[in-house]
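S.K.: First the structure, then my questions, so here it is.
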Amino acid sequence: MELPSSSRSLKDPWKTLPEAPATPFVLVRNDTSPPTFRSSKFQSSASLAQSYVAAFDSSSFFPSPSCVSASRLSKRFASLSNSNTNRTIYLALNLIDAEAILPNFINEIHKVVAFMSGHRFYFSVWENGSKDRTPKLLMLLEKALIDLGVSYKFMVHGSSKPPNKGGSRRIIELARVRNDALEELYNGVAAAKMGIKAFDMVLFMNDIIWCASDMLEIINEHMHQGADFTCATDWGGRVVYDRWVARTINGHPFYTQAHLLDYFNDRPWGHDGPMPPYPEPLLDDPSSRELFINLKPLQVFSCWNGAVVMNPKAFVQGNPLDNIHEVKPVRFRAAKNDVSEVTEKASECFLVCVDFWKRGLGKIMLVPRASVGYDLRQYNEVRQDGRRTSKHPVGIEVKTTNRDNDKSLIQWRTNPPKEVAYHDHAWWHEKERWGPWDEA
Numbered sequence: 389m390e391l392p393s394s395s396r397s398l399k400d401p402w403k404t405l406p407e408a409p410a411t412p413f414v415l416v417r418n419d420t421s422p423p424t425f426r427s428s429k430f431q432s433s434a435s436l437a438q439s440y441v442a443a444f445d446s447s448s449f450f451p452s453p454s455c456v457s458a459s460r461l462s463k464r465f466a467s468l469s470n471s472n473t474n475r476t477i478y479l480a481l482n483l484i485d486a487e488a489i490l491p492n493f494i495n496e497i498h499k500v501v502a503f504m505s506g507h508r509f510y511f512s513v514w515e516n517g518s519k520d521r522t523p524k525l526l527m528l529l530e531k532a533l534i535d536l537g538v539s540y541k542f543m544v545h546g547s548s549k550p551p552n553k554g555g556s557r558r559i560i561e562l563a564r565v566r567n568d569a570l571e572e573l574y575n576g577v578a579a580a581k582m583g584i585k586a587f588d589m590v591l592f593m594n595d596i597i598w599c600a601s602d603m604l605e606i607i608n609e610h611m612h613q614g615a616d617f618t619c620a621t622d623w624g625g626r627v628v629y630d631r632w633v634a635r636t637i638n639g640h641p642f643y644t645q646a647h648l649l650d651y652f653n654d655r656p657w658g659h660d661g662p663m664p665p666y667p668e669p670l671l672d673d674p675s676s677r678e679l680f681i682n683l684k685p686l687q688v689f690s691c692w693n694g695a696v697v698m699n700p701k702a703f704v705q706g707n708p709l710d711n712i713h714e715v716k717p718v719r720f721r722a723a724k725n726d727v728s729e730v731t732e733k734a735s736e737c738f739l740v741c742v743d744f745w746k747r748g749l750g751k752i753m754l755v756p757r758a759s760v761g762y763d764l765r766q767y768n769e770v771r772q773d774g775r776r777t778s779k780h781p782v783g784i785e786v787k788t789t790n791r792d793n794d795k796s797l798i799q800w801r802t803n804p805p806k807e808v809a810y811h812d813h814a815w816w817h818e819k820e821r822w823g824p825w826d827e828a
C-alpha cells in the first residue's frame, strides 16, 4: 500500500484503507519496546496512518476539529512528557458503529501517545455490533499503535455479535462490555505483558470528539490533584450530556428538573437542537457552580461525562487501600435495588462511582476545561482549548493559563453526601427523588 501524495485530494478514502479480516477477529501486540523515532523508516511509517486519517477530514466524510499541534502541548503539559514521568496507562475503549469518530480518535490519540511515549500505554478495544466500517478503521488504529510502540488487544466482533439491549437489558449489556474492555486489567495479563506490577491509571473513553489537550488535561489534573476518579465534561444539545450520572458533592443534579423539562418539552427543535435560552448548570449548588463556570476542577459525588481517568487499584483484588469498606474489587454492574432482575434503574457509570466511595476512594472530580462533544458542531461550540470561535452557549469562557501557574488543590471531602438525587430509569418527566447515596 503506497502513501498517497495528497491524502486530502482522494475522492474516496475508504478505498485506500487496509482490508479488515472477516469478523470476528483479534488484533494483538505484546512488544513494548520503544520504536526508533529518528529512523526514516519509522517516520514514513508513522505518517502513514495520519495521512489516511487526514483524507477523511472533509465535509463529505468526517471533518475533525482544528486541534493544536503536538509541539504546542509541551508548555502546559510539560510534566506529562516522556522525559518527566513514567506513569503507565491502561486505555479502554468500547465501540459500536464508530466510523464517524474514529478518524479524529486516531489522529489525536497519536499526539497523546507520542507526547507521553507509547511504551507507557496498553490499549484494550472491545468492539461489537458494528454494521458500519468500524472494523476497517481499527486496522488503521492498529497501524498507528505499532508505529508508536504500543501494546494492545482489539476484540473485533462486527455484526457477528450484536448487543443484547432488549427487554430492559441496556445497563446490564453496557456493564458487561465495559468489564470486557477491562478484562486484562482485572486478571493482570496486561500488566504482565508490560513487564510491570500494576498500572498507574485507567483511561476509559466514550465515542467522543476531542483534542489531545482534553485528554492530557484530565490526566494532568488526575495526577496533580491526587484524584481517584477524574472526568471530562461532555456536552450535547448545549447542555451537559451525562446528566443521569453526574451529581455534585452535595448530591445535586447538574440542572433543575423544571429547567430541563422546559428546555426539552416547550422549545422548538431545529436541526441543531432546542433554541436558547439554555439551562444554567448547577443553580442548586452555588459553590460547585462557581468552580464550574470558572473552569476549575471540582469534587463531585459522581461523573463519567465522556472520558474518565480512574485509580486501577479499585479493580484489582488484594491491593492495600485505606478505609476499605468493600473487600471485593469493583466491577461495572446494574443496580441492586430494583424489583426486577433486569434493570435500567441507574447507570453503570453512576454505580461505579458509588462503589469507589464504598472503598474509600472518594476523590472524584470533574474537569470543565476538558470539554468534549459527540459531533464536530457540538465540540466546536463548547471546547475550552482557546480555539473556539464563537461564544459558549451558556457563557463559560476559556481562561488561558499554564498548568505550572495554577497550583490550586481541591480540598477533598472524605465522606459522601447522606443522600443524592435520583432520576430512576432516566425518566426525566417523572418526579426527581432523593435517597441514600449507596442504596443501589
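The sequence shown begins at 389 in my numbering and counts up by one. From the three backbone atoms N, C-alpha and C, an ideal C-beta is built for every residue, glycine too.
For Asn-803, count neighbouring C-beta atoms within 10 Å of its own C-beta (all shown protein chains included) and say buried if the count is 16 or more, exposed if not.
M.R.: Counting from 1 along the sequence shown, the entry for residue 803 is found at position 415. Asn-803 comes out exposed.
S.K.: Which partner residues of Tyr-478 appear in the DSSP bridge assignment?
M.R.: Here residue 478 refers to the residue found at position 90 when the sequence shown is read from its first residue. In DSSP, Tyr-478 forms a bridge with Tyr-510, Val-590.
S.K.: Using alpha carbons as the reference points, say which of Gly-546, Leu-604, Pro-451 lies closest to Arg-464.
M.R.: Taking the sequence shown and counting its residues from 1, one reaches residue 464 at position 76. Nearest C-alpha to Arg-464: Leu-604.
S.K.: Go to Val-697, then tell me how far its beta strand (DSSP E) extends in each direction, as first and last residue.
M.R.: By one-based count along the sequence shown, residue 697 stands at place 309. First-last of the beta strand (DSSP E) with Val-697: 695-698.
S.K.: Going by the CB atoms, is the gap between Val-565 and Tyr-478 shorter than 7 Å?
M.R.: Here residue 478 corresponds to residue number 90 of the sequence shown, with the count starting at 1. Here residue 565 corresponds to residue number 177 of the sequence shown, with the count starting at 1. Against a cut-off of 7 Å, the Cβ pair of Val-565 and Tyr-478 comes out as no contact.
S.K.: Beta-carbon within less than 7 Å of Gln-687's beta-carbon, same chain only, minus the 5 sequence neighbours each way: which residues are those?
M.R.: By one-based count along the sequence shown, residue 687 stands at place 299. Excluding residues within five positions, the ones whose Cβ falls inside 7 Å are Ile-637, Ile-752, Met-753, Ile-798, Trp-800, Arg-801.
S.K.: Check each candidate in Phe-642, Glu-807, Glu-818, Ala-814 and name the one with the smallest Cα separation from Glu-827.
M.R.: To locate residue 827, count along the sequence shown from 1; it is residue 439. If we check each option's Cα against that of Glu-827, Glu-807 comes out closest.
S.K.: Have a look at Ala-488 and Pro-451 and give me their C-alpha separation to the nearest angstrom.
M.R.: In the sequence shown, residue 488 corresponds to position 100, counting from 1. In the sequence shown, residue 451 corresponds to position 63, counting from 1. Answer to the nearest angstrom: the Cα atoms are 9 Å apart.
S.K.: To which residues of the same chain is Ser-675 closer than 7 Å at the C-beta, ignoring the five residues directly before and after it?
M.R.: As a first step, residue 675 must be located in the sequence shown, where it is residue number 287. Counting only Cβ-Cβ distances below 7 Å, and skipping sequence neighbours, we find nothing.
S.K.: Enumerate in chain order the residues of its own chain whose CB-to-CB distance from Glu-515 is below 8 Å, with the five nearest sequence positions on each side excluded.
M.R.: The sequence position of residue 515 within the sequence shown is 127, counting from 1. Excluding residues within five positions, the ones whose Cβ falls inside 8 Å are Asn-482, Leu-483, Ile-484, Ala-486, Thr-522, Pro-523, Leu-526, Phe-542, Met-543, Val-544, His-545, Gly-546.
S.K.: Can you tell which of Phe-509, Asp-535, Gly-624, Tyr-440 has its C-alpha closest to the C-alpha of Leu-490?
M.R.: One-based indexing of the sequence shown puts residue 490 at position 102. Looking at the Cα atoms, Tyr-440 is the closest of the given residues.
S.K.: Tell me whether Ala-723 is buried or exposed, calling it buried when 16 or more other Cβ atoms sit within 10 Å of its Cβ.
M.R.: Your numbering for residue 723 matches position 335 in the sequence shown. Label assigned to Ala-723: buried.
S.K.: Pull up the distance between the alpha-carbon of Pro-717 and that of Pro-664, whole angstroms please.
M.R.: Start at 1 with the first residue of the sequence shown, and residue 717 comes out as number 329. Start at 1 with the first residue of the sequence shown, and residue 664 comes out as number 276. So the two alpha carbons sit approximately 45 Å from each other.
S.K.: Lys-541 lies in the alpha helix (DSSP H); which residues open and close that run?
M.R.: Looking up residue 541 in the sequence shown gives position 153. Element bounds for Lys-541: not the alpha helix (DSSP H) but the beta strand (DSSP E), 539-544.
S.K.: What is the DSSP secondary structure of Arg-719, counted as helix, strand or coil?
M.R.: Sequence index remark: in the sequence shown, residue 719 carries index 331 (1-based). Here Arg-719 sits in coil by DSSP.
S.K.: Terminal residues of the continuous alpha helix (DSSP H) containing Leu-648?
M.R.: Counted from its first residue, the sequence shown places residue 648 at position 260. That run of the alpha helix (DSSP H) goes 645-653.
S.K.: Alpha carbon to alpha carbon, how far is Met-389 from Ala-532?
M.R.: For the purposes of this step, residue 389 is identified with residue 1 of the sequence shown, where counting begins at 1. For the purposes of this step, residue 532 is identified with residue 144 of the sequence shown, where counting begins at 1. Only weak support is given to the placement of Met-389: the predicted model assigns it a pLDDT of 32, under 50, and the value that follows is read from those uncertain coordinates. If you take the alpha carbons of Met-389 and Ala-532, they lie about 15 Å apart.
S.K.: What does the Cβ neighbour count give for Leu-860, buried or exposed, with the cut at 16 atoms within 10 Å?
M.R.: Nothing can be reported for residue 860: it is not among the residues displayed for the chain, which extend from 389 to 828.
S.K.: For Cys-455, which of helix, strand or coil comes out of DSSP?
M.R.: One-based indexing of the sequence shown puts residue 455 at position 67. Cys-455 falls in the coil class under three-state DSSP.
S.K.: Exposed or buried, what is Thr-731 when buried is set at 16 or more other beta-carbons lying within 10 Å of its beta-carbon?
M.R.: Here residue 731 is taken as the residue at index 343 of the sequence shown, counted from 1. The residue is buried, with at least 16 neighbouring Cβ atoms inside 10 Å.
S.K.: Does the beta-carbon distance from Ser-690 to Phe-738 come in below 7 Å?
M.R.: Within the sequence shown, the letter at position 302 stands for residue 690. Within the sequence shown, the letter at position 350 stands for residue 738. Contact flag set, yes.
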